[in-house]
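Start counting the sequence shown at 347; every next residue gets the next number (the working numbering).
Beta carbons: idealized from backbone N, C-alpha and C, even for Gly.
What follows is a set of notes on a single structure, which appears directly below.
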Amino acid sequence: MKYKSQKVAYWFFALSMLLLVLQITYGFIMGFARIGFDNLHDFIPFNTARAVHTNLLVVWLLSGFMGAAYYIIPEEAQKELVSVKLAYIQLISLALVGVVAIVGYHFNYWEGRKFLEIPRPLDYLVVVNVLLFLGLILTTLFKGKRQTTTALVLSMGLLFAALLYLPGMLPFDSQVTDSFFRWWVVHLWVEGVWELIMGGILSFLLIKLTGVDREVIEKWLYVIVGLTFLSGVLGTGHHYYYIGVNKIWLVVGGIFSALEPLAFLAMALFAVNMYRKGEKKHPNKLALYWTLGSAIVSFVGAGLLGFAHTLPQTNLYTHGTLVTAMHGHLAFWGAYAMIVLAIISYSLPNMTGRKLYESARGRAAFWLANIGMVGMTVAFGVAGVAQVYLERKFGMDFMAVQKEISIHFVVLVICATMFTTGIVLYIIDFYKHGKPTDEALEINQ
């Protein structure tokens, strides 16, 4: 059986690659500004570059998640997508919203709320776009021949991500109340429902790459979902103390944040265990590298570094410093960026018919990107610890501290260059595969 509608996924992946390049570009603008090379300041101030960098992170990952859903759901449901034309309309509208938002940031057209800077009129367009996406995915799933746990968890994550966007649109006069509900979007996305999306994609890839029985893999998926909701939802409290909410949230947030590494540890153990049990030696080793790498790196970045950073005794000093950037970069990279790159690496040969996964370029892309990201994480960590001591223990002025730690951003830019080289090699591989064909999709089902 063939699912020609899976070709839609390719164009979502192509959009995500383009947005990733733009996100990295603005990251370099910020990095160079930190070491004194701020020649673009009159055109792209640091706050604009930061807003674009963080928002593009969200949009390129969402593009990747949507592409993954358009590839996985038809195969899991054993049914073609209900409307390919509407899917392309959704893709174009998503790209247009992103372009308008990014251009608008350069002209101070935004709300000024971190991670949710997008202007209110565009919020409504995002809602319409996501409703269309969910309509296509869910209709396909429930009209299909089967509803697997993998597909349901993936769809549940996407649905909850859409619902949790709505609290961020509510208008409040109180900044405390506004920040309270803003964290419903920001934290409950990245440490809640996005983990379901990751779990669904991870489950699909392990079924395909290892040959382990679906029932075994999906049983583990239930454990991960349970741990995610137990720890992630109440773990949101570790943000609340700093916006003026009752102190009880410092305790609640600290306790449940301490449990969050268990969800990621379970995910890492799950992936490695399934790989060892697998009798099927899938030829696409690159997809396997990215899949196992995602589970392991997310445990380190989101689990261990998150645990070390969000304990109340530590977080009182590290909150809002470069230690946050240390945790955030490796967590986002491991948990979400790598799983998107994994599903792209798996699906591209199936969609295009070109088996390029044995290339030295692909292996170099994996190692350069990961070593570069680890180097960036270390640079952020060292700078962050120095910042905490000088600013919050020693009492130095904020800007004086930034000048003292600027040397660490030289290291950061060097490591970011290595990371970018890996991403460029990955994107070259992406375009070397060419466009998807109906024949390739039919052969590879």
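Element boundaries [alpha helix (DSSP H), containing residue i]
| i | result |
| --- | --- |
| lysine 778 | 753-778 |
| valine 720 | 706-733 |
| glutamate 541 | 540-556 |
| valine 522 | 521-534 |
| aspartate 469 | 466-489 |
| proline 607 | 594-623 |
| lysine 631 | 631-644 |
| glutamine 659 | 658-664 |
| histidine 628 | Segment: none, histidine 628 is in no alpha helix (DSSP H) and carries neither H nor E. |
| glutamine 748 | 744-750 |
| glutamine 736 | Note that residue 736 corresponds to leucine in the displayed sequence, not to glutamine. Per DSSP, leucine 736 belongs to no alpha helix (DSSP H) and is neither H nor E. |
| threonine 496 | 495-509 |
| methionine 672 | 668-678 |
| proline 695 | 684-698 |
| lysine 701 | Premise fails: lysine 701 is in no alpha helix (DSSP H) and is neither H nor E. |
| tyrosine 451 | 430-451 |
Distance between beta carbons of residue j and residue i, contact taken as under 8 Å
| i | j | result |
| --- | --- | --- |
| methionine 672 | threonine 723 | 5 Å |
| leucine 326 | glycine 600 | Nothing about residue 326 can be reported from this structure: the residues present for the chain run from 347 to 791 only. |
| glycine 730 | leucine 668 | 3 Å |
| leucine 510 | valine 539 | 6 Å |
| alanine 548 | leucine 634 | Checking the displayed sequence, the identity of residue 548 turns out to be leucine instead of alanine. That belief does not hold up - the Cβ atoms of leucine 548 and leucine 634 are roughly 12 Å apart, past 8 Å. |
| glycine 436 | glycine 490 | Before going further, note that residue 436 is glutamine rather than glycine in the sequence given. Actually they do not touch by this definition, with Cβ atoms about 19 Å apart. |
| leucine 534 | leucine 573 | Not confirmed; about 15 Å, so no contact. |
| alanine 786 | glycine 699 | 3 Å |
| phenylalanine 616 | tryptophan 566 | 4 Å |
| alanine 397 | methionine 376 | Their Cβ separation, rounded to whole angstroms, is 11 Å, which puts alanine 397 and methionine 376 out of contact at 8 Å. |
| phenylalanine 610 | glycine 649 | 4 Å |
| glycine 444 | leucine 512 | Their Cβ separation, rounded to whole angstroms, is 20 Å, which puts glycine 444 and leucine 512 out of contact at 8 Å. |
| glycine 546 | valine 579 | Going by Cβ atoms, the distance from glycine 546 to valine 579 rounds to 18 Å, so no, they are not a contact pair. |
| glutamate 463 | asparagine 385 | With 8 Å as the limit, glutamate 463 and asparagine 385 do not qualify as a contact, their Cβ atoms being about 24 Å apart. |
Beta-carbon gap between residue i and residue j smaller than 8 Å
| i | j | result |
| --- | --- | --- |
| leucine 542 | glycine 581 | no |
| glycine 450 | alanine 355 | no |
| valine 643 | glycine 680 | yes |
| serine 640 | isoleucine 685 | yes |
| leucine 403 | phenylalanine 678 | yes |
| leucine 736 | valine 728 | no |
| glycine 768 | alanine 715 | yes |
| serine 362 | glycine 410 | yes |
| threonine 494 | leucine 427 | no |
| methionine 620 | isoleucine 689 | no |
| alanine 711 | aspartate 784 | no |
| glutamate 422 | alanine 497 | yes |
| isoleucine 589 | serine 520 | no |
**Request:** Report the residue ranges of all alpha helix (DSSP H) runs contained in full by the region 358-425; include only those spanning at least 4 residues, in chain order.
**Result:** Whole alpha helix (DSSP H) segments, 4+ residues: 392-423.
**Message:** Please give me, in chain order, every unbroken run of the beta strand (DSSP E) with length at least 3 that falls completely inside the region 560-597.
**Reply:** none
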